[in-house]
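Novice: Attaching a single structure in structure tokens format; questions to follow.
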Amino acid sequence: MISPPSSTRTPPSARHCAVEFQALPPRIGQVRRIVSAQLRYWRLDTVLDVAALLLTELLANVHRHADPGAGGAGPAPADKHCTVELSLVGDRLTVSVHDHDPRLPRVRGAASDESLPTSGRGLALVASLSESWGVRARPDGSGKTVWFSLPVPAPEPAARVRGRAGRAARDAAAPEPPSGPAPVPPPAEVEPAAAG
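What follows is the structure, encoded as structure tokens:
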């Protein structure tokens, strides 16, 4: 489920998007595509790849590790329900993943030899590629939120021109169309070719 932008405690220049779903492999790919499309719509192509990669790592963690029943209460362990939120405020994009498992994740240290497992590096990747990241337990004990933020460049001046002002600027730059039919040049005279 995609929710409309939030109107509570959000500055007028902020943008917000949320997607609720089950963190199962086919759905993770769909949510990644939805988030990528939203970031393109917000003209955040410069951070799209990193944001999508880090989001995929967080969602894979929900799929692999989240156990909503781990705290003794909550939904059944098979419930991998989570919410992804995107928030763009000023020059920061924050991506949050909320799940129902109250246990907080641990960052594994990097191994120095070739025995490094193929899993267990997601949060280390989030820590290394994001500007900042963190984990918040829900006050009611019903889960947690893992988030990261990325700096976003200011939009190009041309991208800021919208609405009537944008049309007026475009129309002012366009040449004035001619009034009436275009003149037709007289037919060219053709000289006979020399025989030879």
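Residue numbers (the working numbering): 5 to 200.
Cβ coordinates follow ideal geometry from the N, Cα and C atoms, glycine included.
Since this is a predicted model, take the numbers as computed values, not measurements.
1) Under 7 Å Cβ to Cβ from residue 135, same chain only, skipping five residues before and after it: list those, please.
2) Are there 16 or more other CB atoms within 10 angstroms of the CB of residue 105, so buried, or fewer, so exposed?
3) Let me check understanding here. Comparing Cα to Cα, which of 45, 37, 26 and 56 lies closest to residue 151?
4) Report the option in 126, 133, 107 and 130 whose CA atom is closest to the CA atom of residue 143.
5) Under 8 Å, do residue 3 and residue 93 count as touching if we go by C-beta distance?
6) From residue 41 to residue 90, what distance separates their C-alpha atoms?
7) Consult DSSP for residue 20 and reduce its assignment to one of helix, strand or coil.
8) Classify residue 145 as helix, strand or coil using the three-state DSSP reduction.
9) Does the Cβ-Cβ distance between residue 22 and residue 66 come in under 8 Å?
10) State the Cα-Cα distance for the pair residue 86 and residue 24, rounded to the nearest angstrom.
11) In whole angstroms, what separates the C-alpha of residue 201 from that of residue 43?
12) Output needed for residue 17: all residues of its chain with C-beta closer than 6 Å, excluding positions within five of it in sequence on either side, in chain order.
13) What are the boundary residues of the beta strand (DSSP E) that residue 96 is part of?
14) Give every residue of the same chain whose Cβ lies closer than 6 Å to the Cβ of residue 149, excluding the five residues on either side of it in the sequence, and list them in chain order.
15) Go ahead and pull the three-state DSSP assignment for residue 134.
16) Within 10 Å of its beta-carbon, does residue 158 have 16 or more other beta-carbons around it, so buried, or fewer, so exposed?
Specialist: Taking the geometry as given:
1) By 1-based counting over the sequence shown, the position of residue 135 is 131. Closer than 7 Å at Cβ, skipping near neighbours: 153, 154 and 155.
2) Position 101 of the sequence shown, counted from the first residue, corresponds to residue 105. The residue in question, residue 105, is buried, as its Cβ has 16 or more Cβ neighbours within 10 Å.
3) Translated into positions along the sequence shown, residue 151 becomes position 147. For residue 151, the nearest C-alpha among the options comes from 56.
4) Taking the sequence shown and counting its residues from 1, the one referred to as residue 143 is at position 139. Residue 107 is the option with its Cα nearest to residue 143.
5) For the chain, the structure presents residues 5 to 200; residue 3 sits outside this window and is missing.
6) As a working note, residue 41 is residue 37 in the sequence shown. As a working note, residue 90 is residue 86 in the sequence shown. Their Cα atoms are separated by approximately 12 Å.
7) As a first step, residue 20 is located in the sequence shown; it is residue number 16 there, counting from the start. The answer is strand: DSSP assigns residue 20 an E or B state.
8) One-based indexing of the sequence shown puts residue 145 at position 141. Correct three-state label for residue 145: coil.
9) Taking the first residue of the sequence shown as position 1, residue 22 is located at position 18. Taking the first residue of the sequence shown as position 1, residue 66 is located at position 62. Taking 8 Å as the Cβ cut-off, residue 22 and residue 66 do not qualify as a contacting pair.
10) To locate residue 86, count along the sequence shown from 1; it is residue 82. To locate residue 24, count along the sequence shown from 1; it is residue 20. Distance between the alpha carbons of residue 86 and residue 24 is about 6 Å.
11) Shown here, the chain extends from 5 to 200; a query on residue 201 therefore has no answer.
12) The sequence position of residue 17 within the sequence shown is 13, counting from 1. Answer for residue 17: no residue qualifies.
13) On the sequence shown, position 92 is the one that residue 96 refers to. Start and end: 96 to 103.
14) Counted from its first residue, the sequence shown places residue 149 at position 145. Counting only Cβ-Cβ distances below 6 Å, and skipping sequence neighbours, we find 100, 102 and 140.
15) Along the sequence shown, read from residue 1 onward, the residue named residue 134 stands at position 130. Residue 134: coil per DSSP, three-state reduction.
16) Indexing the sequence shown from 1 puts residue 158 at position 154. When all chains shown are included, residue 158 counts as exposed.
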